[in-house]
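Everything on this sheet refers to the single structure shown next.
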Amino acid sequence: MTHLEVSGGIARLTFANPPVNSLAPEVLASATAALEQLEARDDWNVLALCSTQRVFSAGGDLQAMAQWMNQPDPGAAIATYARGVQVLARRIEALPKPTAALCGGSALGGGLELALACDLRIASTGASFGLPEVGLGLLPGAGGTQRLTRLCGKATAMRLILGAEVVDASEARRLGIVQWVYPPGEFDGSANSILSRVASLNSQALVRSKACIRHAYEEGTSAGFEVEIDSLAALARTAATRNLVDAFLARGSATKETA
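As numbered in the numbering used here, the sequence shown has no gaps in its residue numbers, which increase by one up to the final residue, 606.
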């Protein structure tokens, strides 16, 4: 599900859950175990989140969510799952050393929420970015409402989240969601150059610089995370949300059958 490799001061946590790197519970568990290993090591200066798939991650496990919504209390089940993604994202965010999301493909929903937990985001021109959960009667419950607002401002967060809008890499860079965009043929080499540059820098200077930057903006988000989870749980209990998720999955099945 995930694989951790450290070389030349660069730690790479690679997600491999075909076909779209959905964040299934077992993927969360695998990534958490990898981070536990990484936290015990000191032979790295930067962590890169990578993907073996054409996308970075399409986000939450909708198949599992559809099953949970048939439970007596779907809100509790969805909230437990979302909290798991949220905890993973917060763990990545809390790492003292720099982190980067290598978005060679699209980052949507929970996938973008993990990318937003990183300090740096590098995109390919073919990648798309969005938090489209409102289209399913849900909301971005793994930190998206908080981090996107904090990173890009209220207006951009309102635009993308309330409009369930997905933007291309160029627009994502203009909005401040990603810092670099490269053509597919240049993506790997350019991303590696950025990672190598960061990895070559003084470790303590990186740690202290990151701590100072974080101190500037981290006040007041804890309460927002709790509001996010409570709101997501309430939405997951509604029939309208259940119907939207079922309809989305049905459209996907119909597309596969006619392909």
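Note that the Cβ used here is the ideal one computed from N, Cα and C, for glycine as well.
Could you tell me which of the options sits nearest to residue i, measuring between CA atoms?
{"i": "residue 589", "options": "409, 427, 403 and 510", "result": "409"}
{"i": "residue 383", "options": "351, 494 and 357", "result": "351"}
{"i": "residue 436", "options": "552, 503, 502 and 396", "result": "396"}
{"i": "residue 479", "options": "376, 390 and 492", "result": "492"}
{"i": "residue 442", "options": "577, 359 and 386", "result": "386"}
{"i": "residue 607", "options": "388, 531, 379 and 451", "result": "Outside the displayed span of the chain (348 to 606) sits residue 607, for which this structure offers no information."}
{"i": "residue 318", "options": "540, 477, 542 and 574", "result": "In this structure the chain extends from 348 to 606, so residue 318 is not present and cannot be described."}
{"i": "residue 551", "options": "505, 445, 454 and 359", "result": "445"}
{"i": "residue 365", "options": "398, 549, 561 and 593", "result": "398"}
Tell me the DSSP secondary structure of residue i in three-state form.
{"i": "residue 515", "result": "strand"}
{"i": "residue 367", "result": "coil"}
{"i": "residue 359", "result": "strand"}
{"i": "residue 547", "result": "coil"}
{"i": "residue 415", "result": "helix"}
{"i": "residue 529", "result": "strand"}
{"i": "residue 349", "result": "strand"}
Can you give the beta carbon distance from residue i to residue j, rounded, assuming they're within the 8 angstroms contact cut?
{"i": "residue 407", "j": "residue 482", "result": "No, residue 407 and residue 482 are not in contact; Cβ-Cβ is about 13 angstroms, not under 8 angstroms."}
{"i": "residue 533", "j": "residue 490", "result": "The Cβ separation is near 30 angstroms, so there is no contact."}
{"i": "residue 447", "j": "residue 525", "result": "About 11 angstroms separates the two Cβ atoms, so there is no contact after all."}
Tell me which same chain residues have a C-beta within less than 7 angstroms of the C-beta of residue i, skipping the five on either side of it?
{"i": "residue 580", "result": "422, 423, 425 and 426"}
{"i": "residue 587", "result": "484"}
So, at 6 angstroms on beta carbons, what are the nonlocal neighbours of residue i in its own chain, with the 5 sequence-adjacent residues on each side left out?
{"i": "residue 516", "result": "470, 472, 474 and 528"}
Below 8 angstroms CB to CB, which residues in the same chain sit around residue i once its five sequence neighbours on both sides are set aside?
{"i": "residue 578", "result": "486 and 488"}
**Minimum length 3: unbroken beta strand (DSSP E) runs contained in the stretch 436–519** = 446–450, 467–471, 475–477 and 513–515
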